Amino acid sequence: MHTALALLAGPLFEHSPHAILIADTNGVVRDVNAEFTRLTGYAREEIVGKTPRLLKSGQMPLEFYRTLWQTVLSGQRWRHDILNRRKDGSLYWADEIIQPITLDGETVLVSFQRDVTELRRTREALDEERARLDGFLRASPAVLYAVPATGTTQPLFVSENVKDLLGNLPVEPCSDPHWWLERIHPEDRDAVQRTLDFRRWPGDTLLRRYRLRHADGHYVWVEDKVTLVRDGQGRPQFLSGALLDVSREAEQRALLDKLARHLPGVIYIFKRTPDDHMSFPYASEGMRRICGIDPEAVREDATPFFASVHPEDQAAMRETSDHSVATLEPWRLLYRHVHPDGRIVWAEGEATPERQPDGSTLWYGFIADVTARVEAERKLREQAVLYHTVLDNLQEICYVAEVTPEGFRFRAGNAKLYELFGFPPERWIGASPRDLFPPQTAEHMEKNLRRCLEEGRTLRTETAMATAHGWREFSASITPLFDENGRARYLVGLVMDVTEYKHAIRSAQEASTLAAERAQTLKTLLDSVGEGIFGIDTDGAIVFWNPAAERILGYRASEVLGLDAHQTIHGQHPDGTPHPRQECPVLRAMLENKIIARKESYFHHRDGHLIPVLLTATPVPGSGAVVVFTDITQIKAMQEELRHQAETDPLTGLANRRRFFTALLLAGERVARKGDRCAVLMLDLDHFKAVNDRYGHAVGDAVLRSFAEILRDSLRSSDLAGRVGGEEFAVLLPHTDLAGALLLAERIRHAVASYCRVPQHPELRMTVSIGASELLPENPSPEVALARADAALYRAKQEGRNRVVAACATSQPD
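So the sequence shown is numbered by our numbering: it starts at 1 and just counts up by one.
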């Protein structure tokens with residue numbers, strides 16, 4: 001392998017976590033590392049000598065590859081996501097960087113690849129959930145908001161439809177701590193203020209009604225359902241609320257409860273391989289709450305998840321999973337999880353399968369906690385039927401119950417009752433609730449009858465029960481009838497069938513609950529991604545700031561919300577000069593209404609230093625922009641290390657031949673342009689070959705390192721020493737004439753004779769011969785000056801070595 005490739009293919013190359021491929025400018029592969037063979041499936045001998053066309057997926061446009069080659073052949077770095085094909089035919093997405101590097105006069109192309117297939121899929125799932133949430137917020141009849149649980153009335157978030165309700169933009173209540181209270185009707189303000197301390201609430205939910213002033217001056221009646229949201233330890237986090245216009249649409253009030261609740265859920269990716277190995281490559285934190293499982297515990301093996309499934313549901317879980325993997329039909333199941341503490345949680349899971357090229361199946365799905373729903377359904381099934389007052393000429397159910405010392409006896413009923421329950425009149429009349437209904441139903445019915453009797457007033461209630469026509473829901477009332485002595489002798493019931501009405505309301509409530517669950521899931525995803533994400537409004541002020549942004553830049557969200565993003569984190573270049581706002585890619589994306597993707601820049605850390613980042617700015621028309629960024633400090637450090645390796649002699653640490661001659665050419669240009677003085681020394685260790693022959697190359701290398709250390713100690717910071725041959729060295733002396741160069745050369749010669757030693761061989765004494773020349777304004781050619789110094793070095797060798805010889809100003813090289 002050539003010297004240049006040998007430098008690249010060292011331990012850093014072989015043990016890099018990235019797949020690395022080295023090719024020449026014709027595209028012929030010179031070498032690959034172990035990670036490359038693992039990622040692609042190609043062994044080193046199968047790819048070396050061939051071109052990367054083996055990896056083409058056939059799904060990238062020709063213009064993509066044409067741009068790639070134009071970029072790298074012009075000497076520029078290229079980076080992009082690319083779809084490649086492995087040896088086994090499977091496809092994978094890679095984040096690929098191709099860097100042209102020139103070593104020893106040879107240019108090679110170094111490719112770094114990182115598998116980002118799963119990352120892209122997760123982002124696509126996140127985008128889909130975000131779109132669903134946006135659609136829900138736009139369609140919701142209620143204005144949703146969130147307020148910190150700190151006593152303030154200034155919201156953190158208000159949905160866009162506040163403009164439809166009150167004629168104001170969301171930014172107005174979010175930017176003014178007094179906005180909300182000032183717009184409450186004076187007659188309602190005191191009552192509302194008494195509800196601000198959630199610690200005095202009877203529970204975690206509060207319903208209140210009051211009037212709010214519209215932007216045009218009139219007042220709107222609203223029903224405000226507020227829920228206190230707590231964290232896993234039960235500590236208050238924030239208040240989540242929903243405002244519904246009840247002055248115009250009273251029938252929508254029933255939706256308010258569900259709009260304000262945030263039920264936990266799980267977004268997940270489930271994988272099942274052809275050999276039946278199962279795992280969760282991704283599961284949100286909700287898995288801990290719903291399934292009692294740490295998401296990390298099932299990342300590689302899903303066994304703990306299935307072990308938590310209730311034993312009675314495991315067969316159904318396996319059967320439905322097998323059916324979905326065989327048919328690729330969506331999976332859905334209502335089942336139970338058993339937590340470590342014995343608590344049982346009802347869950348409803350659904351997922352969409354997708355077959356992978358390697359034969360595996362991925363499910364993208366969601367698990368919701370439906371314990372409350374199942375429990376509510378159970379209680380409804382257990383509740384008895386409640387009867388209410390009715391008149392015989394109405395179509396509703398009517399009955400009359402007599403109060404007797406032995407209990408309650410039915411004395412009358414109408415045709416609707418008999419037809420609905422399938423009882424003949426003779427069985428109904430004279431019977432007690434216990435004669436007709438199950439014990440629990442009868443007990444519940446008698447309890448309501450007794451309550452109505454004890455309170456002496458109409459009792460209203462809602463219930464559900466089985467009839468001859470199936471399960472029905474009812475709205476009922478029971479009214480006592482008093483005799484002339486003021487004693488209740490009869491109870492009259494009127495029952496209205498509200499099954500279809502309740503079904504319509506419940507369907508709307510379930511839809512709103514699902515949207516709330518997905519909103520919470522989306523928030524969890526945004527909090528979990530590794531990239532920093534923040535948003536700005538149309539004025540450039542920061543409106544949200546995720547945990548990854550806090551970790552990368554050191555600013556907490558509370559410190560930057562409302563601040564100007566450009567001034568806070570993007571207002572200065574690395575050299576300290578101001579960064580004009582018109583050049584800021586984030587503001588340009590918003591002003592020009594276009595996505596600016598994968599732009600390298602620098603953001604300010606909270607402690608003052610700059611962080612190199614790769615950012616993508618996406619405009620949100622009418623709202624501002626969203627910025628996603630990644631810390632690329634390690635990538636920058638790797639690039640600097642590669643540059644240093646490309647310019648440094650690995651044995652001595654001095655400049656290598658390429659770097660020295662580049663500096664010499666620049667010095668010649670300065671002499672020609674400005675008339676500057678510059679001198680060159682050529683140095684050669686005397687009898688160095690004999691040292692190698694007698695003591696071996698290890699001792700010879702030690703001599704070269706000792707000599708290099710003497711050179712570094714003898715030179716100024718502006719001087720440059722380089723190794724240009726085996727034992728040949730050169731020194732560039734800017735701003736120095738020939739006389740100054742000779743003085744320095746003598747000091748070097750004396751230091752070498754006195755201090756150039758090898759500890760293991762104290763008898764070894766080294767000397768050096770030096771030739772000196774100057775770049776002349778009338779002939780500043782670096783080649784000529786170096787050749788004259790080399791000729792002077794040759795004369796020093798001929799004259800006995802261990803001496804300094806100056807080149808004549810008028811002499812020409814042989």
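A virtual CB, placed ideally from N, CA and C, is assigned to each residue, including glycine. Computed from a predicted structure; not experimentally measured.
What do you reckon, are the CB atoms on residue i and residue j nearer than 7 Å?
| i | j | result |
| --- | --- | --- |
| I184 | Y210 | yes |
| R77 | Q99 | yes |
| V498 | S475 | yes |
| P173 | W179 | yes |
| I552 | G530 | no |
| L732 | A741 | no |
| V29 | V48 | yes |
| L228 | L244 | no |
| T51 | A43 | no |
| E14 | N33 | yes |
| V758 | V699 | yes |
How would you call residue i, buried or exposed, if buried means at least 16 neighbouring beta carbons within 10 angstroms?
| i | result |
| --- | --- |
| N84 | buried |
| W201 | exposed |
| E396 | buried |
| S507 | exposed |
| S111 | buried |
| K225 | buried |
| R788 | buried |
| W346 | buried |
| F482 | exposed |
| I344 | exposed |
| P330 | exposed |
| G363 | One detail in the question is off: residue 363 reads as Trp in this sequence, not Gly. W363 comes out buried. |
| N593 | exposed |
| P405 | exposed |
| D790 | buried |
| F421 | buried |
| F64 | exposed |
| T40 | buried |
| C678 | buried |
| I710 | buried |
What does a CB cutoff of less than 6 Å around residue i pick up in its chain, not counting 5 residues either side in sequence?
| i | result |
| --- | --- |
| G722 | L654, A655, F660 and A730 |
| V543 | G535 and D537 |
| A785 | V680, S773 and L775 |
| L683 | F729, V768 and I770 |
| D719 | L733 |
| A597 | T616 |
| P17 | none |
Report all residues from its chain with a CB closer than 7 Å to the CB of residue i; omit the five preceding and five following residues, and keep chain order.
| i | result |
| --- | --- |
| L212 | L166, R183, I184, Y219, V220 and V222 |
| T273 | S360 |
| G292 | S308, H337, H339 and P340 |
| P480 | C452, L453, G456, A488 and L491 |
| A806 | L738, L742, A772 and A792 |
| W471 | A464 |
| L587 | G540, H566 and R581 |
| I569 | L553, F603 and H604 |
| V671 | C678, L775, P777 and P780 |
Just confirm the distance between the C-beta atoms of residue i and residue j, as a whole number of angstroms; I'd bet it's less than 8 Å.
| i | j | result |
| --- | --- | --- |
| R473 | K502 | Rather than Arg, the amino acid found at residue 473 in this sequence is Glu. The pair is a contact, with the Cβ atoms about 5 Å apart (cut-off 8 Å). |
| A442 | R434 | 4 Å |
| M287 | V309 | Going by Cβ atoms, the distance from M287 to V309 rounds to 13 Å, so no, they are not a contact pair. |
| L665 | P780 | Actually they do not touch by this definition, with Cβ atoms about 10 Å apart. |
| P424 | G413 | In fact, because the Cβ distance is near 11 Å, the residues do not count as touching under 8 Å. |
| A488 | G456 | 7 Å |
| D104 | R658 | 7 Å |
| I269 | Y282 | 4 Å |
By Cβ distance below 8 Å, which residues in the same chain neighbour residue i in space, the five residues on each side in sequence not counted?
| i | result |
| --- | --- |
| Q193 | L181 |
| A326 | none |
| D701 | L651 |
| Y418 | P424, P425 and W428 |
| P236 | A149, F198, L228, V229 and R230 |
Is the stretch 627-639 close to the stretch 744-759, with three or more CB pairs under 8 Å? Contact fails: fewer than three Cβ-Cβ distances are below 8 Å.
Would you check if the stretch 796-807 and the stretch 757-773 touch, i.e. whether three or more CB-CB distances between them fall below 8 Å? The stretch 757-773 makes contact with the stretch 796-807, as at least three CB pairs between them are under 8 Å.
Is it the case that the stretch 314-321 contacts the stretch 292-302, given that we only count it when at least three CB pairs across the two stretches are under 8 Å? Touching, no, given that fewer than three Cβ pairs across the two stretches are closer than 8 Å.
Tell me, please, whether the stretch 350-360 touches the stretch 369-382 by the rule of three or more beta-carbon pairs shorter than 8 Å. Because the criterion of three Cβ pairs below 8 Å is not met, the stretch 350-360 and the stretch 369-382 do not touch.
Does the stretch 669-678 come close enough to the stretch 607-627 to have 3 or more Cβ pairs within less than 8 Å? Taking a cut-off of 8 Å for Cβ pairs, the stretch 669-678 and the stretch 607-627 do not touch, as fewer than three such pairs fall below it.
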